[in-house]
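**Q**
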Amino acid sequence: MAEKGGKNFSSEKGKTPSNLAASKEGSLKGKDSVPVNKTRHIQLDDSDSEYEGFVDERSPASSKASGKASSDLKSGKKKVSFESLKTGRKTSFETPAAKGDWGKGGKDFNAGKAGGKGSLPRATAVKPRLTEIELKLELELPKNARLLMDCEAAEILQEIEEHKTILSEDPKVKFPESFNKVLQYTKFGSHYINSQSARKVLETLKINGVNDGEICMIGNICPETVEEVYALLPSLKVNKHKNEEPIKEVLASLAKVKTSK
Amino acid sequence: MFFHITLERNMQLHPRHFGPHLRDKLVAKLMKDVEGTCSGRHGFVVAITNVEDIGKGLIREGTGFVTFPVKYQCVAFRPFKGEILEAVVTMVNKMGFFAEAGPVQIFVSNHLIPDDMEFQSGDMPNYTTSDGSVKIQKDSEVRLKIIGTRVDATEIFCIGTIKDDFLGVINDPGAAA
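Encoded structure:
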């Protein structure tokens, strides 16, 4: 498994290292020269091809209507992350060697993919990308989809398991092994006494412009401080002045509903 | 991240199943076909919660099979880029470590592990800080950020990092920063 993983990554790197360097330069400058990374990204594109549905939804709209505005916005955001690149993680991102590029390469894959499809000038740092992804969470899931926190999923799966133990007496009915794995994972991840109270508390954040995906992430991560929230969900920083107080209150209320672990 | 979603699927049923328990047979077949599979769009389908509607069956020409459009709700799991997850380490080697979060395998390369952590080989290979305060080994719990995903028919595979703030080993006083 390690070999398989290693091979994929090194072949990505091996194919066009010069392109990686070029795209790094391009991304830091804020222009997406799209060194047509598509051929390099065959492995990831298998999944990314599924993204086409919703990437295309966004790109025509934004490229037509507010191309300039969005690129300005993104360049603004890019500055924030660029500074953090300078202060925090400079060494890793500048190593030309091997797999360090993977982390950065991941960002560039996004750039290449997006560029290939909508040919938008996009800032390619990961942090602005997070906002788009969070937005995409809304776009991609149709109205009949509902995001679940780990604790809610745990409750649902628990109920299903109870039904299944009854059904399992029937030899024809078979359950995938993954179900148990997931059940265990949700139990391990759920920190609250009950999910309804956690959900109620987090819903109050919706008024402050925090979207569903971000609310779920806060519920799952169980952060202790506001700084942690902003570090892990940089998309919230955009509205920091608006949502800082509500987030503090929510964290305090969540702390009351937590199970002691 | 988990979500609860309504999906539709066309199920084909062989005439030998027709009879008073047609619906049950159809639901059982649906569960067998769908649970545990992946798609790029919805991710991993963990379990079906209920069957909303089974439409009228259409007999296929030439064979006796009948196609039923089935609408059902299920719990799906899909990792997103930028998502923060807590995972359990399953294997450690000098290239990095593998961790599992539910049905998803995540690989964290040694380049995305903080520089102050070194690989120690041995009976229990692990990554340890220079002062020995933080250790990542098999069965450790880590919080990581997903930076890339790949979906194929039966599993989802991701790349993660622990090199950012507030990531790394959980429940350890010397944990990540």
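Protein chains in written order, with numbering that gives the first Met the number 0: chain W, 0 to 260; chain X, 0 to 176.
Beta carbons are placed, not taken as given, at the ideal position from N, Cα and C, and that holds for glycine.
Which residues in the same chain have their Cβ closer than 6 Å to the Cβ of residue 2(X), if we skip the five residues on either side of it in sequence?
**A** Cβ within range, chain order: 75.
**Q** Output needed for residue 156(W): all residues of its chain with C-beta closer than 8 Å, excluding positions within five of it in sequence on either side, in chain order.
**A** The residues are 178, 181, 182, 185.
**Q** Which chain X residues are close to residue 213(W), counting only those with a beta carbon under 8 Å from its beta carbon?
**A** Result: empty, since nearest Cβ-Cβ is about 10 Å, beyond 8 Å.
**Q** If the criterion is Cβ atoms closer than 8 Å, does the pair residue 141(X) and residue 88(X) meet it?
**A** Yes, they are a contact pair.
**Q** Could you tell me which whole alpha helix (DSSP H) segments of length 4 or greater appear in the segment 167 to 234 of chain W?
**A** The segment 167 to 234 of chain W contains these whole alpha helix (DSSP H) runs: 176 to 188, 194 to 202, 211 to 220, 225 to 231.
**Q** Against chain W, does residue 82(X) count as a neighbour if the rule is that its beta carbon must be under 8 Å from one of theirs?
**A** Yes, residue 82(X) lies at the interface with chain W (some Cβ there is under 8 Å from its Cβ).
**Q** Does the separation of the CB atoms of residue 251(W) and residue 4(X) fall below 8 Å?
**A** Against a cut-off of 8 Å, the Cβ pair of residue 4(X) and residue 251(W) comes out as no contact.
**Q** Nearest-angstrom Cα distance between residue 185(X) and residue 190(W)?
**A** Any answer about residue 185(X) is impossible in this case: the structure gives chain X only from 0 up to 176.
**Q** Specify the secondary structure class of residue 0(X) as computed by DSSP and reduced to three states.
**A** DSSP places residue 0(X) in coil when its eight states are reduced to three.
**Q** Cβ of residue 125(X) less than 8 Å from any chain W Cβ?
**A** Chain W, which has no Cβ nearer than 8 Å to the Cβ of residue 125(X), makes this no.
**Q** On a Cα-Cα basis, can you pick out the residue from 232(W), 200(W), 227(W) that is closest to residue 245(W)?
**A** Checked all of 232(W), 200(W), 227(W); the closest Cα to residue 245(W) is 200(W).
**Q** Between which two residues does the beta strand (DSSP E) holding residue 68(X) run?
**A** Unbroken beta strand (DSSP E) run through residue 68(X): 65 to 76.
**Q** Count the other CB atoms, across all protein chains shown, that sit within 10 Å of the CB of residue 240(W); report buried if there are 16 or more and exposed otherwise.
**A** Residue 240(W) is exposed by the Cβ-count criterion.
**Q** Between residue 165(W) and chain X, is the shortest Cβ-Cβ distance under 8 Å, so that the two count as touching?
**A** Not closer than 8 Å to any Cβ of chain X, the Cβ of residue 165(W) fails to qualify, so no.
**Q** Quick check on residue 5(X): does DSSP put it in helix, strand or coil?
**A** Reduced to three states, the DSSP call for residue 5(X) is strand.
**Q** With C-beta atoms as the reference, is residue 80(X) less than 8 Å away from residue 146(X)?
**A** In contact: residue 80(X) and residue 146(X) (Cβ atoms closer than 8 Å).
**Q** For residue 88(X), write down the residues that DSSP places opposite it in a beta bridge.
**A** Paired residues: 98(X).
**Q** Taking the alpha-carbon of residue 160(W) as reference, which of 45(X), 66(X), 144(X), 20(X) has the nearest alpha-carbon?
**A** Residue 45(X) is the option with its Cα nearest to residue 160(W).
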